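Just so you know, the protein sequences line up as chains A and B, in that order.
Residue numbering for the first sequence follows this note's numbering, beginning at 45 and increasing consecutively.
Residue numbering for the second sequence follows this note's numbering, beginning at 2 and increasing consecutively.
All residues carry an ideal CB built from backbone N, CA and C; glycine is no exception.
No experiment lies behind these values; they were computed from the predicted model shown.
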Amino acid sequence: MLLSHRTRTDEFEAAAMPHINDIYRTAARLLGSATGPDDVVQDVYLQAWKSFGQFELGTNCRAWLFKILFHTVHHYRRKWLNVRMVKESGDILEQTATATPPLPERITDEELLAALAEVPQDYRAVVLLIDVEEFSYKETAGILDVPIGTVMSRLSRARKLLREKLAGVAQSYGIGRISQEGKSA
Amino acid sequence: MNRIQFGEGACEKTRKYLDSYISNELLVETNHEVLRHIENCPSCASEAEARVQLRTRLKAAVNAQSVPPELQARIREKIRNSRSKRWFSAGWGVWALATAAGLAICAGVWWNYSPEKMPALADRPAQNIYIQKVSASLAAVLKVGLGDHIHCSVFRRYPKDPPAVEKMETDLGPSYKGLLPVVRAAVPDGYRVIMAHQCSYAGRKFVHLTLQKGGDLLSLVIARKQPGESLNGLAPAFQSSGVPIYQSAAQRYQVAGFEAGNFLAYVVSDLRSKTNLQIAASLAPGVREFLMITSA
């Protein structure tokens, strides 16, 4: 029995551990500088280990871990940071459509990440899952427990917000003025 | 995912669908409409390129963050400690119950076991769906190797006798024919190269060698890196002569990967995890050295 349990531990580690770096980086970007991601990542893996009996081997372990990550981050933020979530109506976002200036080489990774940190968390989560982790819309909807339509609208708004923030940085370098979208035929 | 017909106001429609286009979430027909418009509209082409560039830079920036090397060890220790506490503190009743449950599960698995259904050799769309389904759990950078292995090695009829060395050298081309002796020298006894060529899958080019031993099939898949693509974001499973090797499982497949200059190399099979990793470890130093020379 101990042997079979050891096998279960090995199975868990083989399935879950290869994704630890992705989980860590996503946690870091979700939490920002206020909280270190180490404890959150540790909680995610301990929670996953406890629930491993419900996990079906051969199915998407990566998506399952990300789902646990988002539950854990939600819990952390409610507990420690009292964060207000973004309204789906998008009323905090201006609907001004902007064309995307080319990203200047001078913009550093730090500036990119700082711009990302300014995007509201619900939107940032979708960008991280789709643009960085390359999950599909359907997988992302499953991880965040929201409809696919919500994923699409959050992604669109998040990318737009990011472009606008980076356009501001680019302008400070004297590059790329924001223009109205849709001028071409 | 809707199909749309572009006509008047094509720029507006294209930009509306640009996010889904970049995420590869459009239906094939709509994707073609967007592509066709972009080919003829410099403004939308520039917009698409800028958005893709932002996505690539963002991915690279997030993945550049280093992860504390001791974190994984700390978590493994916590898991093993929690296991010991839980099991050694359990009474005989719990042990008996667990044994019974284990036996019941084994019986259920045995009773319900049925061989996996594979798409037919000629059914390309079904094969693509199968590849997407199988590789869903993998990190994106590992999907590259698995996709080509299944596409090119698994769904294939092999001749009874492998092609002559000269044919394989021709199919590999002058830059890569030197891989054949490198691979032959490093693989365990009994494996023979049954196919070696350059191929493409999902719009990407590969150098691909397939090896066989009895019923075991194994691929060495090599691709040039794309911007921001790296295995370094994963946790290495092994180091072979200083080369970090990363491995992950996707259903019945094992995908090991290592980097070599501008290349990503994968060893993919449905062998046991340990065996696949051992073969990758034995291939990695020689293949890496060969590819580093090719890169230069």
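Check: Residue nearest to Ala60 of chain A in terms of C-alpha spacing, selected from B:Thr276, B:Tyr159, B:Ala140 and B:Gln279; Outcome: B:Ala140
Check: First through last residue of the alpha helix (DSSP H) which encompasses Ser216 of chain A; Outcome: Ile192 to Ser216
Check: Of the listed residues B:Gln66, B:Ile76 and B:Ala51, nearest to Gln86 of chain A (C-alpha basis); Outcome: B:Ile76
Check: Chain-ordered residues of the region 89–101 of chain A with a beta carbon less than 7 Å from chain B; Outcome: Tyr89, Leu90 and Trp93
Check: Burial state of Val29 of chain B (16 or more Cβ within 10 Å); Outcome: exposed
Check: Nearest-angstrom beta carbon gap, Ser220 of chain B and Val269 of chain B [assumed within contact, 8 Å]; Outcome: 5 Å
Check: Contact with chain B by Tyr1 of chain A, beta-carbon distance below 7 Å; Outcome: As displayed, chain A neither begins before 45 nor continues past 229, which places residue 1 of chain A out of reach and without an answer.
Check: Cα-Cα separation between Arg52 of chain B and Gly234 of chain B, rounded to whole angstroms; Outcome: 23 Å
Check: Min CB distance Gln252 of chain B to chain A below 7 Å; Outcome: yes
Check: Val163 of chain A at chain B interface by Cβ criterion, 7 Å; Outcome: no
Check: Contacts that Glu290 of chain B makes with chain A (C-beta to C-beta distance below 8 Å); Outcome: None at all; the shortest Cβ gap to chain A is about 26 Å.
Check: Three-state class that DSSP yields for Arg150 of chain A in the structure shown; Outcome: coil
Check: Exposure of Asn65 of chain A, with buried meaning 16 or more beta-carbon neighbours within 10 Å; Outcome: buried
Check: Simplified DSSP assignment, three categories, for Ala251 of chain B; Outcome: strand
Check: Inter-residue spacing [alpha-carbon to alpha-carbon] between Asp149 of chain B and Tyr202 of chain B; Outcome: 6 Å
Check: CB contact check: Arg37 of chain B to chain A, cutoff 7 Å; Outcome: no
Check: Residue of A:Val213, A:Tyr181, A:His118 and A:Ile112 minimising C-alpha distance to Ile67 of chain A; Outcome: A:Ile112
Check: Contact list for the region 222–240 of chain B against chain A, Cβ threshold 7 Å; Outcome: Gly234, Leu235 and Ala236
Check: Beta-carbon proximity list for Met196 of chain B, same chain, < 6 Å, skipping 5 on both sides; Outcome: Thr211
Check: C-alpha gap between Leu180 of chain B and Ile280 of chain B, whole angstroms; Outcome: 15 Å
Check: Pairwise C-alpha distance: Arg16 of chain B and Glu48 of chain B; Outcome: 8 Å
Check: Whole-angstrom C-beta distance between Ile23 of chain B and Trp93 of chain A, which should lie under 8 Å; Outcome: Actually they are not in contact, since the Cβ atoms of Trp93 of chain A and Ile23 of chain B sit about 36 Å apart, beyond 8 Å.
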